[in-house]
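Accompanying notes for the structure given below.
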Amino acid sequence: PCCWSITEEAKPFKKVDRFVPLHVRKKILQEQRPPLTVLEMSPCDGVLSPGGKVLVYVTFCPAEGGSYRRRLKVHVKDSSQQLMITALGQCEEPQLDL
Numbered sequence: 045p046c047c048w049s050i051t052e053e054a055k056p057f058k059k060v061d062r063f064v065p066l067h068v069r070k071k072i073l074q075e076q077r078p079p080l081t082v083l084e085m086s087p088c089d090g091v092l093s094p095g096g097k098v099l100v101y102v103t104f105c106p107a108e109g110g111s112y113r114r115r116l117k118v119h120v121k122d123s124s125q126q127l128m129i130t131a132l133g134q135c136e137e138p139q140l141d142l
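Per our numbering, the very first residue in the sequence shown carries number 45; after that it's consecutive.
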């Protein structure tokens, strides 16, 4: 059997030099906050038998309008290969004319 999981790729945080002025450090750290989660995967992990298949649903659920680009990383236990899936989405802000 093969154990697998799928997650959104997280960008590593850059180290901030401690000699940088505090206000600059705070700004850099705020810009490094992880992006909002806009994708839900179901199932997000599982076990496959040899020759088996699994259907994974990816739901786009943004909280605000805008263009989104996310990379999904498929992890397979005991495998050195990495599979990346790029997901693109566009969401418009709702408008109500009265």
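Every residue gets a Cβ at the ideal spot worked out from N, C-alpha and C, and that includes glycine.
Nearest-angstrom Cα separation, counted from Pro79 out to Ile72
Whole-angstrom Cα-Cα distance: 15 Å.
Tell me whether Ile50 is buried or exposed, calling it buried when 16 or more other Cβ atoms sit within 10 Å of its Cβ.
When all chains shown are included, Ile50 counts as buried.
Rounded to a whole number of angstroms, what is the C-alpha to C-alpha distance between Lys58 and Leu142?
Those two C-alpha atoms are separated by around 47 Å.
Under the rule that 16 or more other beta-carbon atoms within 10 Å means buried, what is Val82, buried or exposed?
That one is buried.
Residue range of the alpha helix (DSSP H) that includes Arg115:
Per DSSP, Arg115 lies in no alpha helix (DSSP H) segment; the continuous beta strand (DSSP E) that holds it begins and ends at Gly110 to Val120.
Out of curiosity, what's the CA-to-CA distance linking Val102 and Val64?
Approximately 41 Å between the Cα atoms of the pair.
State the CB to CB distance for the pair Leu92 and Pro45, rounded to an integer number of angstroms; the pair is presumed to be in contact (CB under 8 Å).
In this structure Leu92 touches Pro45 by the C-beta definition: roughly 7 Å separates them, less than 8 Å.
Would you mind stating whether Leu132 and Val118 have Cβ atoms separated by less than 8 Å?
Result no, Cβ atoms of Leu132 and Val118 do not sit closer than 8 Å.
Short of 7 Å in beta carbon distance, which residues of its chain neighbour Gln134, apart from the five on each side in sequence? Order them along the chain.
Result list for Gln134: Ser111, in chain order.
If you measure between the beta carbons of Cys47 and Lys97, is that distance less than 8 Å?
Not a contact, by the Cβ cut-off of 8 Å.
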